[in-house]
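S.K.: Here it is, the structure, as structure tokens.
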Amino acid sequence: MSNPQTQPLVGIETFSWKKWDACTHCGLCLPTCPTYRELGLETDSPRGRLYLMGSAFKAENATPLNEEWAEYIYRCLDCRACETACPSGVHFGELLEQARAIYENNANRAAGYRFWNNLVFKQLLPHRERLDLLFELMWLYQRLGIRWLVQKTGILKVMGRLGKMESLLPKIPPPRLKYTIRDITPADGETRYRVGFIPGCVMNQVFTETNLATIRVLTRNGCEVVTPRQQTCCGALHLHNGARDFASTLAKQNIDAFDTGELDAIIINAAGCGATLKEYDVLLEDDAVYAEKAKQFSGKMRDISEFLAEIEMVPPTDEIHRRVTYDEPCHLLHGQGVGAQPRKVLQAIPGLELVALTESEWCCGSAGIYNITQPALSQEILERKMGHIAETHADIVATGNPGCLLQIQLGIQKHGLPMRAMHPVNLLDCAYRGVAPEEWEE
Ligand code: SF4
Ligand code: SF4
Numbered sequence: 017m018s019n020p021q022t023q024p025l026v027g028i029e030t031f032s033w034k035k036w037d038a039c040t041h042c043g044l045c046l047p048t049c050p051t052y053r054e055l056g057l058e059t060d061s062p063r064g065r066l067y068l069m070g071s072a073f074k075a076e077n078a079t080p081l082n083e084e085w086a087e088y089i090y091r092c093l094d095c096r097a098c099e100t101a102c103p104s105g106v107h108f109g110e111l112l113e114q115a116r117a118i119y120e121n122n123a124n125r126a127a128g129y130r131f132w133n134n135l136v137f138k139q140l141l142p143h144r145e146r147l148d149l150l151f152e153l154m155w156l157y158q159r160l161g162i163r164w165l166v167q168k169t170g171i172l173k174v175m176g177r178l179g180k181m182e183s184l185l186p187k188i189p190p191p192r193l194k195y196t197i198r199d200i201t202p203a204d205g206e207t208r209y210r211v212g213f214i215p216g217c218v219m220n221q222v223f224t225e226t227n228l229a230t231i232r233v234l235t236r237n238g239c240e241v242v243t244p245r246q247q248t249c250c251g252a253l254h255l256h257n258g259a260r261d262f263a264s265t266l267a268k269q270n271i272d273a274f275d276t277g278e279l280d281a282i283i284i285n286a287a288g289c290g291a292t293l294k295e296y297d298v299l300l301e302d303d304a305v306y307a308e309k310a311k312q313f314s315g316k317m318r319d320i321s322e323f324l325a326e327i328e329m330v331p332p333t334d335e336i337h338r339r340v341t342y343d344e345p346c347h348l349l350h351g352q353g354v355g356a357q358p359r360k361v362l363q364a365i366p367g368l369e370l371v372a373l374t375e376s377e378w379c380c381g382s383a384g385i386y387n388i389t390q391p392a393l394s395q396e397i398l399e400r401k402m403g404h405i406a407e408t409h410a411d412i413v414a415t416g417n418p419g420c421l422l423q424i425q426l427g428i429q430k431h432g433l434p435m436r437a438m439h440p441v442n443l444l445d446c447a448y449r450g451v452a453p454e455e456w457e458e
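Counting from 1, position 66 in the sequence shown corresponds to residue 82 in the working numbering; the numbering is continuous, with no gaps.
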């Protein structure tokens with residue numbers, strides 16, 4: 017393990033000292049930080065983590081870049097609530113991702129850790145055909161009753177992280193659905209816009225019906241939808257886990273996949289991916305070839321709710337008489353500044369009653385793979401969220417991110433609440449098609 021006093025850290029030149037220096041140590045971000053609230057430690061707060069970065073990265077300082085240091089840096093949810101609270105405009109998420117990348121460049125990770133990281137981040141997520149095959153096998157595993165058998169034997173309890181991942185596995189939709197997404201889907205009636213669509217990697221396997229609903233909603237609103245096959249995973253999970261260089265490679269592939277000049281917007285319905293895609297310009301700002309292209313690409317990115325709020329949306333006519341509450345995905349609210357637009361979309365649905373959710377702006381504990389890497393803390397954060405959700409007595413919890421949908425649905429099941437989690441675009445699609453939300457099956 018490297019010590020900044022004895023040898024220079026690999027990749028230290030990528031750390032944005034100017035952005036780090038913007039912190040005035042005022043502490044206004046502390047009350048908004050979920051890990052600080054749960055653990056009460058300065059080292060688990062945004063200010064503390066910024067201090068830890070400086071103390072390990074500055075050559076004259078003595079804090080070693082060791083496992084203890086990494087524990088605090090990796091216990092951060094990367095929810096970016098501290099960015100919203102910060103009066104000095106500290107780009108905490110960007111600094112955190114840089115800090116994790118520097119750690120990964122210098123850490124001597126165990127062989128098992130490196131194996132799993134390589135398998136998931138490099139061999140799986142960027143390869144659609146491999147993901148297709150894996151999720152088709154998972155679908156069969158669930159469909160043929162093997163899952164029931166495995167759970168009965170109790171074998172999952174001794175399988176460690178793999179067993180934990182299995183228990184979080186949602187119901188996989190029929191594989192045929194994802195193959196119905198076409199390269200170009202024409203607008204219903206007159207073409208008002210030409211938009212690109214990013215179905216996501218895991219999103220497209222687990223929430224295929226939400227992707228199909230997004231395309232239906234877009235075409236209903238006069239959009240021709242272009243979904244290029246050459247696109248790949250957005251790189252959000254790579255960035256959050258210190259694989260910055262690999263995320264840049266994925267970003268370039270995505271930029272090349274879209275003809276941005278021909279598109280009015282590029283649409284995403286997953287908040288975590290959207291925040292990363294909108295920040296390709298920052299990720300590639302020093303790249304001589306891609307800096308300008310990344311700026312154009314990021315400038316075209318829109319969350320589906322943001323796009324619908326911008327255009328003159330076709331009003332849905334079918335009524336949905338349900339009590340709905342909205343939970344903000346962190347990477348939509350804090351990462352993209354999109355909060356009013358999903359509510360505007362929901363309020364456009366006739367008959368729908370939108371009720372406020374206390375602390376809707378707080379993280380649900382999903383945070384990418386946080387519920388796998390930090391299961392105990394993730395559950396504590398979820399418990400607080402579920403308490404507030406239960407108070408709403410809503411029929412539906414609407415939220416626009418796959419991780420949040422899974423995490424909240426798990427919380428609903430655990431507490432036996434008579435409600436379900438749904439993406440806002442699914443509700444809108446139900447209203448356009450005259451389908452009751454209960455009939456909608458993911
Ligand atoms: S990103 Fe979230 S968890 Fe991390 S320091 Fe900021 S507020 Fe706390
Ligand atoms: S990150 Fe912002 S809010 Fe937090 S201590 Fe620094 S300046 Fe204050």
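Just so it is clear, CB atoms sit at the ideal spot from N, CA and C, and this is done for glycine as well. All figures in this text were calculated on a predicted structure; none of them were measured in a lab.
Please determine whether the Cβ atom of Leu-66 lies at a distance below 7 Å from any heavy atom of ligand 2.
M.R.: yes
S.K.: Within 10 Å of its beta-carbon, does Thr-51 have 16 or more other beta-carbons around it, so buried, or fewer, so exposed?
M.R.: Its Cβ being crowded by 16 or more others within 10 Å, Thr-51 is buried.
S.K.: With distances taken from CA atoms, which of Cys-346, Arg-232 and Phe-151 is nearest Glu-240?
M.R.: Arg-232
S.K.: Quick check for students: name the residue ranges of the alpha helix (DSSP H) that lie wholly in the stretch 25-56, counting only runs of 4 or more.
M.R.: 33-37 and 50-55
S.K.: Do Ala-310 and Ala-267 come within 8 Å of each other at the CB atom, strictly closer than that value?
M.R.: yes
S.K.: Of all the options Ala-291, Thr-389, Lys-187 and Glu-396, which has the alpha carbon lying nearest to the alpha carbon of His-347?
M.R.: Checked all of Ala-291, Thr-389, Lys-187 and Glu-396; the closest Cα to His-347 is Ala-291.
S.K.: Suppose contacts are defined by Cβ-Cβ distances below 8 Å. Is Lys-35 in contact with Leu-93 by that definition?
M.R.: no
S.K.: Is the separation between the beta-carbon of Ala-286 and that of Gly-216 shorter than 8 Å?
M.R.: yes
S.K.: Identify, in the order they occur along the chain, each residue of the same chain with its Cβ nearer than 7 Å to the Cβ of Pro-418, setting aside the five sequence neighbours on each side.
M.R.: Beyond the five residues adjoining it in sequence on each side, Pro-418 comes within less than 7 Å, by CB distance, of Val-218, Met-219, Val-222, Phe-223 and Ala-286 in the same chain, given in chain order.
S.K.: Over what stretch of residues does the alpha helix (DSSP H) that includes Gly-109 continue unbroken?
M.R.: Per DSSP, Gly-109 is one residue of the alpha helix (DSSP H) stretching across 108-122.
S.K.: So what does DSSP say about Thr-415, is it helix, strand or coil?
M.R.: coil
S.K.: Going straight from the alpha carbon of Glu-206 to that of Arg-65, what length do you get?
M.R.: 52 Å
S.K.: What would DSSP say about Met-402, mapped onto helix, strand or coil?
M.R.: helix
S.K.: To which residues does DSSP link Arg-210 through a beta bridge?
M.R.: Glu-240
S.K.: Just to confirm, does Gly-315 get its C-beta within under 7 Å of one of the non-hydrogen atoms of ligand 4?
M.R.: Among the ligands in the structure shown, ligand 4 does not appear; only ligand 1 and ligand 2 can be found there.
S.K.: Identify, in the order they occur along the chain, each residue of the same chain with its Cβ nearer than 7 Å to the Cβ of Ser-321, setting aside the five sequence neighbours on each side.
M.R.: Val-354, Gln-357, Pro-358, Val-361, Gly-416 and Pro-440
S.K.: Could you name the residues of the same chain whose beta carbon sits closer than 7 Å to that of Gln-423, not counting the 5 residues immediately before and after it, in chain order?
M.R.: Excluding residues within five positions, the ones whose Cβ falls inside 7 Å are Cys-380, Gly-381, Ser-382, Asn-387 and Leu-398.
S.K.: List, from N- to C-terminal side, the alpha helix (DSSP H) runs of 4 residues or more that fit wholly inside the stretch 61-106.
M.R.: 62-73, 83-90 and 97-101
S.K.: Judging by CA-CA distance, which residue of Asp-334, Asp-343, His-350 and Thr-374 is the nearest neighbour of Gly-367?
M.R.: Asp-334
S.K.: Could you compute how far the alpha carbon of His-143 sits from the alpha carbon of Cys-249?
M.R.: Spanning the two alpha carbons is a distance of roughly 8 Å.
S.K.: List the DSSP bridge partners of Asp-343.
M.R.: Residue pairing by DSSP places Asp-343 in no beta bridge whatsoever.
S.K.: Quick one: what does DSSP say Arg-318 is sitting in, helix, strand or coil?
M.R.: strand
S.K.: Given a cut-off of 8 Å, decide if Pro-62 and Phe-31 are closer than it, judged by their beta-carbon atoms.
M.R.: For the 8 Å CB-CB criterion, Phe-31 and Pro-62 do not form a contact.
S.K.: Would you decide whether Val-371 is buried or exposed? Buried here means 16 or more other CB atoms lie within 10 Å of its CB.
M.R.: Residue environment for Val-371: exposed (fewer than 16 other C-beta atoms within 10 angstroms of its C-beta).
S.K.: Quick one: residues in its chain with C-beta nearer than 7 Å to the C-beta of Val-330, no 5 flanking neighbours on either side, listed in chain order?
M.R.: Beyond the five residues adjoining it in sequence on each side, Val-330 comes within less than 7 Å, by CB distance, of Arg-236 and Asn-237 in the same chain, given in chain order.
S.K.: For Leu-255 versus Lys-316, is the C-beta distance shorter than 8 Å?
M.R.: no
S.K.: Looking at the unbroken alpha helix (DSSP H) that takes in Met-219, where does it start and where does it end?
M.R.: 218-222
S.K.: What residue range does the beta strand (DSSP E) around Glu-454 cover?
M.R.: Careful: Glu-454 lies outside any beta strand (DSSP E) and carries neither H nor E.
S.K.: Run the CB neighbour count on Ile-162, radius 10 Å, all protein chains shown included, and call it buried at 16 or more, exposed below.
M.R.: exposed
S.K.: Since Arg-436 and Ile-412 should fall inside the 8 Å C-beta cutoff, what is the C-beta to C-beta distance between them, to a whole number of angstroms?
M.R.: 6 Å
S.K.: For Leu-129, count neighbouring Cβ atoms within 10 angstroms of its own Cβ and tell me buried if that reaches 16, exposed if not.
M.R.: Sequence inspection shows Tyr at residue 129; the Leu mentioned does not correspond to that position. The residue is exposed, with fewer than 16 neighbouring Cβ atoms inside 10 Å.
S.K.: On the premise that Ala-452 lies in contact with Ile-365, defined as a C-beta separation below 8 Å, what is that separation, rounded to the nearest angstrom?
M.R.: Between Ala-452 and Ile-365 the Cβ distance is about 13 Å, and since that is not below 8 Å, they are no contact.
S.K.: Would DSSP call Thr-374 helix, strand or coil?
M.R.: coil
S.K.: Exposed or buried, which one is Glu-301 when buried takes at least 16 other CB atoms within 10 Å?
M.R.: exposed
S.K.: Please indicate yes or no: does the CB of Cys-39 lie closer than 7 Å to some heavy atom of ligand 1?
M.R.: no
S.K.: Look at Ile-282 and Asp-319 and say whether their C-beta atoms are less than 8 Å apart.
M.R.: Annotated as distal: Ile-282 and Asp-319, with beta-carbon spacing of 8 Å or more.
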